[in-house]
Amino acid sequence: MKVVDLCQRHVVSVAPHESLDAAIRLMEEHRIHHLPVVVDDMPVGMVSDRDLLLSVGWRLAAERHTGATRASVAGPTRVDEIMNRPVIQVGPEAGAGRAAQMMCEGRISSLPVVSCGTLVGMLTSGDLLRALAEGGLDDIGCRGLIDERVDAHMSTNLVKVKPKDTLAEVIRLFRERKIRHVPVVIDDLMQRPRLVGIVSDRDVRRALGEAVTCDEQAQESGGFYLGPTNVLDILTTHVRTIAPEDTLGAAIDEMLRHGIHALPVVENYELCGIVTETDVLRSIGSRAV
Numbered sequence: 442m443k444v445v446d447l448c449q450r451h452v453v454s455v456a457p458h459e460s461l462d463a464a465i466r467l468m469e470e471h472r473i474h475h476l477p478v479v480v481d482d483m484p485v486g487m488v489s490d491r492d493l494l495l496s497v498g499w500r501l502a503a504e505r506h507t508g509a510t511r512a513s514v515a516g517p518t519r520v521d522e523i524m525n526r527p528v529i530q531v532g533p534e535a536g537a538g539r540a541a542q543m544m545c546e547g548r549i550s551s552l553p554v555v556s557c558g559t560l561v562g563m564l565t566s567g568d569l570l571r572a573l574a575e576g577g578l579d580d581i582g583c584r585g586l587i588d589e590r591v592d593a594h595m596s597t598n599l600v601k602v603k604p605k606d607t608l609a610e611v612i613r614l615f616r617e618r619k620i621r622h623v624p625v626v627i628d629d630l631m632q633r634p635r636l637v638g639i640v641s642d643r644d645v646r647r648a649l650g651e652a653v654t655c656d657e658q659a660q661e662s663g664g665f666y667l668g669p670t671n672v673l674d675i676l677t678t679h680v681r682t683i684a685p686e687d688t689l690g691a692a693i694d695e696m697l698r699h700g701i702h703a704l705p706v707v708e709n710y711e712l713c714g715i716v717t718e719t720d721v722l723r724s725i726g727s728r729a730v
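Residues in the sequence shown are numbered from 442 upward in steps of one, following our numbering.
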């Protein structure tokens, strides 16, 4: 199976000079997380929802006005101020397994598909997971992968935080351990970790982006902004989980159906692991022939 067989041919893109408001609207309208930044049909950068969360907290320019006349805007306003470059791209004839490896190596979730310098498609991690779930990757060595148990693919060397831990500690863990999700636990009476929530890098990025722009606005009027400081302020408490004996296919189905990228693994109310989209991509990449 090649990238050309899996990628999305209709590509939603932006130009470098366009506003961050336009990028936010496009992502919301099309329910996507990544936008290639294009000049003359050639990708010159990438903007993700993570970039928008960190830079402006997903707030439109109208929500970021500063000053008595509200003529200025806190934070960046144009796509070319926050886009990532150079662009990591893939050719249409590349194998699906190689694309999965590239995503893991680059810690990215999408790849512009480029042929002869022209953008011809977009391949996302969701496209690869969907293809695996539907049997589309059987021909590259992934037959039977979705029938394997979750505990054969989950991470057991868990990084956990407590509700009162600081956001600075979470950021440190994300950077040092190169992870994007961390379960939030409290110890039960038997000192076993009980899951009470989860924090993603998107949660942290939103909090930081809001803090920067809100503080700039507050300072313009002589005040200050006291944003979230600990895990309890930003954690997601409604957490979808999976059991270690469930299949990888069930985990993929849960991720795709609910638009999530990680599932804590729970057995008898005790947190015992976590399986992520990256774990699945790594398995695809390692088995591809």
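Positions of the beta carbon are idealized from the N, C-alpha and C atoms, including for glycine.
The beta carbons of LEU689 and HIS594 sit closer together than 7 angstroms. DSSP, read as helix, strand or coil, puts CYS655 in helix.
Annotated three-state conformation of SER551 is strand, per DSSP. Fewer than three Cβ pairs drawn from the stretch 632–646 and the stretch 575–590 lie within less than 8 angstroms of each other, which leaves the two stretches out of contact.
Per the coordinates, the alpha-carbon of PRO457 lies some 45 angstroms from the alpha-carbon of PRO685. Boundaries of the alpha helix (DSSP H) around HIS699: 689–699. Counting along the chain, GLU459 sits inside no beta strand (DSSP E), nor does DSSP assign it H or E at all. Looking at GLN449, HIS699, THR670, TYR666, the one whose alpha-carbon comes closest to that of ARG681 is HIS699. The three-state secondary structure of MET544, taken from DSSP, is helix.
A distance below 8 angstroms between beta-carbons, with the five flanking residues on each side excluded, links ALA652 to the following residues of its chain, in chain order: GLY498, TYR666, GLY668, PRO669. Under the DSSP assignment, ARG728 falls in the alpha helix (DSSP H) whose first and last residues are 718–728.
In this structure, the straight-line span from the alpha carbon of ARG723 to that of GLN542 is close to 7 angstroms.
Counting the other Cβ atoms within 10 Å of the Cβ of VAL480 gives fewer than 16, which makes it exposed.
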